[in-house]
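> When the letters of the sequence shown are read in order and numbered with our numbering, they come out as residues 12 to 383.
My structure is below; once you've seen it, I'll send some questions.
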Amino acid sequence: MSLFWRIFGLNAVVLGSATALLLWAPVTVSVPVVLTEAVILVGGLVVMLVANAALLRWGLSPLDRLTRLMTTVDLLRPGQRLPAHGGGEVADLIRTFNAMLDRLEQERATSSARVLLAQEAERRRIAQELHDEVGQSMTAILLALKRSADAADPPLRDELHQAQEITRESLDEVRRLVRRLRPGVLDDLGLIAALTSLTSDFATHTGLRVVRRFDADLPSLDPETELVLYRVAQESLTNAARHADAERVEVALTRADGAVVLAITDDGRGIRAACEGAGIRGMRERALLIGASLDIADAAASITSVTSVTSVTSKSVTSVTSVAGSVPGGTGPVGATDASVAAAGAGAPADPSAGTRVRLTAPLPSKPRKQP
12 MSLFWRIFGL
22 NAVVLGSATA
32 LLLWAPVTVS
42 VPVVLTEAVI
52 LVGGLVVMLV
62 ANAALLRWGL
72 SPLDRLTRLM
82 TTVDLLRPGQ
92 RLPAHGGGEV
102 ADLIRTFNAM
112 LDRLEQERAT
122 SSARVLLAQE
132 AERRRIAQEL
142 HDEVGQSMTA
152 ILLALKRSAD
162 AADPPLRDEL
172 HQAQEITRES
182 LDEVRRLVRR
192 LRPGVLDDLG
202 LIAALTSLTS
212 DFATHTGLRV
222 VRRFDADLPS
232 LDPETELVLY
242 RVAQESLTNA
252 ARHADAERVE
262 VALTRADGAV
272 VLAITDDGRG
282 IRAACEGAGI
292 RGMRERALLI
302 GASLDIADAA
312 ASITSVTSVT
322 SVTSKSVTSV
332 TSVAGSVPGG
342 TGPVGATDAS
352 VAAAGAGAPA
362 DPSAGTRVRL
372 TAPLPSKPRK
382 QP
């Protein structure tokens with residue numbers, strides 16, 4: 012039924028009921044109208060208006076639902092649709108809107124993939140130039156300063172040694188920037204080694220206690236999925252250090268239900284959906300790149316991401332827990348940061364009642380790539 016005939020029919024029902032009541036009810040109106048009759052007429056009018064409003068609200072409720080969806084829809088949260096039942100203008104409008112969302116989500120996914128791939132290519136180019144140009148130049152400067160310091164008099168030698176230290180620190184910072192822009196260890200040694208290096212550097216430079224928990228029998232993933240997992244972990248750790256006011260972070264990479272699950276949990280003050288910034292929206296776009304969705308909640312389970320899962324044969328896995336700065340599966344801490352983690356109880360889960368948890372579930376590839 013069209014919207015016009017639906018509204019017309021609802022009003023006809025109300026007016027017809029009122030007319031029938033006047034025709035067959037044993038009630039007459041005096042001239043002039045007495046107070047009792049006026050009260051009855053006003054009451055009947057009110058009942059008619061209330062009935063009309065209720066019927067119109069019921070008839071136009073699909074439009075209200077469509078309006079609410081239009082105001083809250085987010086292309087980074089795909090799958091929000093309204094059921095379209097029957098025919099008429101309202102059902103056609105809902106179906107048209109759902110089709111428009113399908114097209115927009117597809118276009119957004121395609122454009123996001125292009126942008127992210129272009130970003131990674133630019134990151135790779137900048138990292139290569141920093142390594143080849145700036146890094147080599149600073150290394151040459153460092154060697155020249157060393158030769159000059161060896162041949163200089165004692166007063167000047169101290170100043171040259173100080174310049175050497177400044178140059179060496181700058182060179183280390185350039186190398187850290189190169190690793191952040193394009194982690195070479197990810198291409199060379201895989202995701203586990205890359206996450207180990209990332210968490211070790213993070214613990215060293217932030218002073219936060221970091222615990223790693225990696226399953227020993229993780230399947231092979233395609234390079235695109237590994238890069239998304241790495242970038243999500245990188246952004247989550249950055250958020251924990253900058254915004255969460257956390258003291259402890261746990262990074263877990265496990266296999267469950269035919270997928271690989273990355274979970275980053277901190278004991279900070281959590282995050283609210285209204286506080287989403289460019290970093291979280293960037294994680295959403297990266298998750299969409301591999302068919303994932305990222306859901307945000309407050310403290311208890313702040314961030315959750317779930318993707319479509321490719322079914323695989325289940326295998327028993329062994330969990331490996333290590334502290335930041337040590338090799339996964341190793342037994343000994345390799346620095347003060349590791350000792351503080353071990354003293355606090357490495358391997359214990361972070362407090363689930365507070366903080367932020369990032370959970371990314373990546374689908375397993377149908378054809379695993381060859382290991383390097």
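The beta carbon of each residue, even a glycine, is placed where N, CA and C say it ideally should be.
If you're wondering where the values come from, they're calculated on a predicted model, not measured in any experiment.
Let me check understanding here. Comparing Cα to Cα, which of ARG292, GLU258, THR236 and ALA267 lies closest to THR276?
Within the sequence shown, numbered from 1, the residue matching residue 276 stands at position 265. Ranking the options by Cα distance to THR276, first place goes to GLU258.
> By Cβ distance, which residues of its chain are closer than 6 angstroms to ARG193, with the 5 residues on each side in sequence left out?
Mapped onto the sequence shown, residue 193 falls at position 182. The residues are ARG134, ARG135 and ALA138.
> Measure the Cβ-Cβ separation of VAL262 and ALA244 and say whether it is below 8 angstroms.
Your numbering for residue 262 matches position 251 in the sequence shown. Your numbering for residue 244 matches position 233 in the sequence shown. Cβ distance < 8 angstroms, so VAL262 and ALA244 count as in contact.
> Measure the alpha-carbon distance for PRO360 versus ARG224 and round it to whole angstroms.
Position 349 of the sequence shown, counted from the first residue, corresponds to residue 360. Position 213 of the sequence shown, counted from the first residue, corresponds to residue 224. Bear in mind that the predicted position of PRO360 carries a pLDDT of just 43, short of 50, making it unreliable; the figure below should be weighed with that in mind. PRO360 and ARG224 have their C-alpha atoms spaced approximately 10 angstroms apart.
> Between VAL24 and LEU60, how many whole angstroms is the CB-CB distance? I'm expecting something under 8 angstroms.
Position 13 of the sequence shown, counted from the start, is the residue given in the question as residue 24. Position 49 of the sequence shown, counted from the start, is the residue given in the question as residue 60. 14 angstroms between Cβ atoms; not a contact.
> When the Cα atoms are used, what is the spatial distance from LEU219 to ARG292?
Position 208 of the sequence shown, counting from 1, holds the residue named residue 219. Position 281 of the sequence shown, counting from 1, holds the residue named residue 292. Roughly 25 angstroms separates the two Cα atoms.
> Could you spell out where the alpha helix (DSSP H) holding GLN147 opens and where it closes?
To locate residue 147, count along the sequence shown from 1; it is residue 136. Under the DSSP assignment, GLN147 falls in the alpha helix (DSSP H) whose first and last residues are 147 to 162.
> Give the range of the alpha helix (DSSP H) segment to which ARG191 is assigned.
On the sequence shown, position 180 is the one that residue 191 refers to. Element bounds for ARG191: 165 to 192.
> Go ahead and pull the three-state DSSP assignment for GLN91.
What you label residue 91 is simply residue 80 of the sequence shown in a count that begins at 1. If DSSP states are grouped into helix, strand and coil, GLN91 belongs with coil.
> Let me check understanding here. Comparing Cα to Cα, which of ALA289, ASP256 and THR265 lies closest to ARG280?
Reading the sequence shown from its first residue, position 269 is the one you call residue 280. For ARG280, the nearest C-alpha among the options comes from ASP256.
> By the DSSP assignment, the alpha helix (DSSP H) with ALA289 in it spans what residues?
Counted from its first residue, the sequence shown places residue 289 at position 278. Here the alpha helix (DSSP H) through ALA289 covers 289 to 300.
> I need the DSSP call for PRO234, collapsed to helix, strand or coil.
Here residue 234 is taken as the residue at index 223 of the sequence shown, counted from 1. Three-state result, PRO234: helix.
> Compare the beta carbon distance of LEU264 and LEU206 with 8 angstroms and say whether it is the shorter of the two.
Indexing the sequence shown from 1 puts residue 264 at position 253. Indexing the sequence shown from 1 puts residue 206 at position 195. Result yes, Cβ atoms of LEU264 and LEU206 sit closer than 8 angstroms.
> Would you kindly work out how many angstroms separate the C-alpha atoms of ARG191 and ILE152, rounded to a whole number?
For the purposes of this step, residue 191 is taken as the residue at position 180 of the sequence shown. For the purposes of this step, residue 152 is taken as the residue at position 141 of the sequence shown. Computed Cα separation, rounded: 24 angstroms.
> Which of the three DSSP states, helix, strand or coil, is assigned to ASP256?
Position 245 of the sequence shown, counting from 1, holds the residue named residue 256. It is coil, neither helix nor strand.
> Would you mind working out which of VAL84, ASP268, VAL196 and SER231 sits nearest LEU115, comparing C-alpha positions?
Reading the sequence shown from its first residue, position 104 is the one you call residue 115. Cα-wise, what sits closest to LEU115 is VAL84.
> If you run the structure through DSSP and keep just helix, strand and coil, what is LEU219?
The sequence position of residue 219 within the sequence shown is 208, counting from 1. In the structure shown, LEU219 sits in coil (DSSP, three-state: anything other than H, G, I, E or B).
> Below 8 angstroms between beta carbons: does that hold for ARG187 and ASP212?
The residue given as residue 187 occupies position 176 in the sequence shown. The residue given as residue 212 occupies position 201 in the sequence shown. For the pair ARG187 and ASP212, the CB atoms are nearer than the 8 angstroms cut-off.
> Decide if MET81 is buried, meaning its Cβ has at least 16 other Cβ atoms within 10 Å, or exposed.
Taking the sequence shown and counting its residues from 1, one reaches residue 81 at position 70. Classification for MET81: exposed.
> For THR178, which of ILE203, THR150, ASP103 and ARG158 has the nearest alpha-carbon?
Reading the sequence shown from its first residue, position 167 is the one you call residue 178. The residue from ILE203, THR150, ASP103 and ARG158 with its alpha-carbon nearest to that of THR178 is THR150.
> For ALA274 versus VAL260, is the C-beta spacing smaller than 8 angstroms?
To locate residue 274, count along the sequence shown from 1; it is residue 263. To locate residue 260, count along the sequence shown from 1; it is residue 249. Cβ atoms of ALA274 and VAL260: not closer than 8 angstroms.
> Assign ARG253 to one of two classes, buried (16 or more other C-beta atoms within 10 Å of its C-beta) or exposed (fewer than that).
In the sequence shown, counting from the first residue as 1, residue 253 sits at position 242. ARG253 should be labelled exposed.
> Please state the DSSP three-state secondary structure of PRO43.
Within the sequence shown, residue 43 is the residue found at index 32, counting from 1. Three-state DSSP puts PRO43 in coil, outside helix and strand.
> Report buried or exposed for THR236, applying the criterion of at least 16 other Cβ atoms within 10 angstroms of its Cβ.
Sequence index remark: in the sequence shown, residue 236 carries index 225 (1-based). Buried, by the Cβ-count rule.
> Below 8 angstroms CB to CB, which residues in the same chain sit around SER351 once its five sequence neighbours on both sides are set aside?
Position 340 of the sequence shown, counting from 1, holds the residue named residue 351. With a pLDDT of 29 at SER351, under the threshold of 50, the modelled position of this residue cannot be trusted; read the value that follows with caution. Excluding positions up to five away in sequence, the list reads ARG220.
> If LEU300 and LEU127 are in contact, beta carbons under 8 angstroms, what's the gap, nearest whole angstrom?
On the sequence shown, residue 300 is found 289 positions in, with the first residue counted as 1. On the sequence shown, residue 127 is found 116 positions in, with the first residue counted as 1. About 6 angstroms; that satisfies the 8 angstroms criterion.
> Which residue comes first and which comes last in the alpha helix (DSSP H) that contains LEU197?
Translated into positions along the sequence shown, residue 197 becomes position 186. Per DSSP, LEU197 belongs to the alpha helix (DSSP H) from 195 to 200.
> Which of the three DSSP states, helix, strand or coil, is assigned to ARG280?
On the sequence shown, residue 280 is found 269 positions in, with the first residue counted as 1. The answer is coil: DSSP assigns ARG280 none of H, G, I, E or B.
> Quick one, which of LEU26, PRO234, VAL45 and ASP103 has its alpha-carbon nearest VAL58's?
By 1-based counting over the sequence shown, the position of residue 58 is 47. Among LEU26, PRO234, VAL45 and ASP103, the Cα nearest to that of VAL58 belongs to LEU26.
> Which residue's Cα is closest to the Cα of THR217: VAL196, THR249 and ALA204?
The sequence position of residue 217 within the sequence shown is 206, counting from 1. Nearest of VAL196, THR249 and ALA204 to THR217, Cα basis: THR249.
> Quick one, which of VAL45, LEU46, LEU52 and THR47 has its alpha-carbon nearest THR30's?
Within the sequence shown, numbered from 1, the residue matching residue 30 stands at position 19. Nearest of VAL45, LEU46, LEU52 and THR47 to THR30, Cα basis: LEU52.
> Relative to the C-alpha of LEU238, which candidate in ALA267, VAL222, GLU296 and GLY288 has its C-alpha closest?
Along the sequence shown, read from residue 1 onward, the residue named residue 238 stands at position 227. Taking only the C-alpha atoms, the option nearest LEU238 is GLU296.
> Return the Cβ separation of LEU233 and ARG266 in integer angstroms, given the expectation that the two are a contact with Cβ distance under 8 angstroms.
For the purposes of this step, residue 233 is taken as the residue at position 222 of the sequence shown. For the purposes of this step, residue 266 is taken as the residue at position 255 of the sequence shown. In the sequence on display, residue 233 carries Asp and not Leu. That belief does not hold up - the Cβ atoms of ASP233 and ARG266 are roughly 16 angstroms apart, past 8 angstroms.
> Just the C-alpha distance for SER168 and SER159, rounded to the nearest angstrom, thanks.
As a position in the sequence shown, residue 168 is number 157, starting the count at 1. As a position in the sequence shown, residue 159 is number 148, starting the count at 1. Residue 168 is actually Arg in this sequence, not Ser. Cα to Cα, the separation comes out at about 8 angstroms.
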